[in-house]
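A short worksheet on the structure shown next.
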Amino acid sequence: MTKMRFSRRSLIALSGAVLATGSTGLLLPARAAGLAPTPSMRGGSNNYRPGAPIVDRIGGGGFWMTGTVRRAGDGAPLPGQRIQIWAHTTEGHERDPQSHGATLTDANGEFRLEMPQIVPAFGQPHGHLAYDSGEFETVFLRPIMASSKDKTLAAHFVLQPL
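Using our numbering, you'd call the opening residue of the sequence shown number 42 and step up by one each time.
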């Protein structure tokens, strides 16, 4: 009797061959269990301003807030979603209207907004982001930067339909 040895690589190759030929057997394609929605973070809604305008950038720029927006469950990218961004920066405080702005996601569900350098507030350099368009549940995020010298901060939303 011959013993068959399978490595991870051979199983992946074999499963690809099974899928390509349409054969059925013991191997099945992997299925995602579903992407869970992003919960709102504590302190994320501090100094939130409903209806902040969509802008090309906030202030003088020099720092980039980036991220993605996907639908819960299937993880599909969500284009045209409004993301509000605000922070304590070199040009203003979180509560100042000029420190707030919104942007829309592109066809891939990605967003990017240039703003002034984020500086520590309450001992932590952090940003605030909100999805608040109304098609999905509102989510507030408050990501913390690894270093106050970072020039970018990314935040990712997985949204639950209403």
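Glycine is no exception: its CB is placed at the ideal position from the N, C-alpha and C atoms.
Identity of the residues DSSP links to Pro118 by a beta bridge:
By one-based count along the sequence shown, residue 118 stands at place 77. Arg111.
Are the CB atoms of Leu119 and Gly85 nearer to each other than 7 Å?
Here residue 119 refers to the residue found at position 78 of the sequence shown. Here residue 85 refers to the residue found at position 44 of the sequence shown. No.
Is it buried or exposed, Phe198, if we count other Cβ atoms within 10 angstroms and call 16 or more buried?
Against the sequence shown, residue 198 aligns to sequence position 157. Burial call: buried.
Which two residues bound the contiguous beta strand (DSSP E) that contains His269?
With the chain covering only 42 through 203, there is no way to say anything about residue 269.
Candidates Ala171, Lys192, Glu176 and Ile185: closest to Thr109 by CA position:
Position 68 of the sequence shown, counted from the first residue, corresponds to residue 109. For the residues Ala171, Lys192, Glu176 and Ile185, the minimum Cα distance to Thr109 belongs to Ala171.
Have a look at Met156, Arg183 and Pro94 and flag the residue whose alpha-carbon is nearest the alpha-carbon of Ala143.
In the sequence shown, counting from the first residue as 1, residue 143 sits at position 102. Ala143 has its Cα closest to that of Pro94, out of Met156, Arg183 and Pro94.
Do the stretch 95 to 115 and the stretch 147 to 162 touch if we need at least three Cβ pairs shorter than 8 Å?
yes
Do you know whose CA, among Arg112, Ala162, Arg111 and Asp173, lies nearest His129's CA?
Here residue 129 is taken as the residue at index 88 of the sequence shown, counted from 1. Closest by alpha carbon: Ala162.
Which residue from Arg90, Ala77 and Pro202 puts its Cα closest to that of Gln139?
Here residue 139 is taken as the residue at index 98 of the sequence shown, counted from 1. Comparing Cα positions, the closest option is Arg90.
Pull the bridge partners of Gln165 from the DSSP assignment, please.
Counting from one through the sequence shown, the residue named residue 165 turns up at place 124. Gln165 pairs with Ala162.
Who pairs with Thr193 in a beta bridge, going by DSSP?
In the sequence shown, counting from the first residue as 1, residue 193 sits at position 152. According to DSSP, which records beta bridges pairwise, Thr193 is partnered with Trp105.
Do you know how far the Cα of Gly121 is from the Cα of Arg136?
Residue numbering aside, residue 136 sits at position 95 when the sequence shown is read from its first letter. Residue numbering aside, residue 121 sits at position 80 when the sequence shown is read from its first letter. So the alpha carbons of these two residues sit roughly 26 Å apart.
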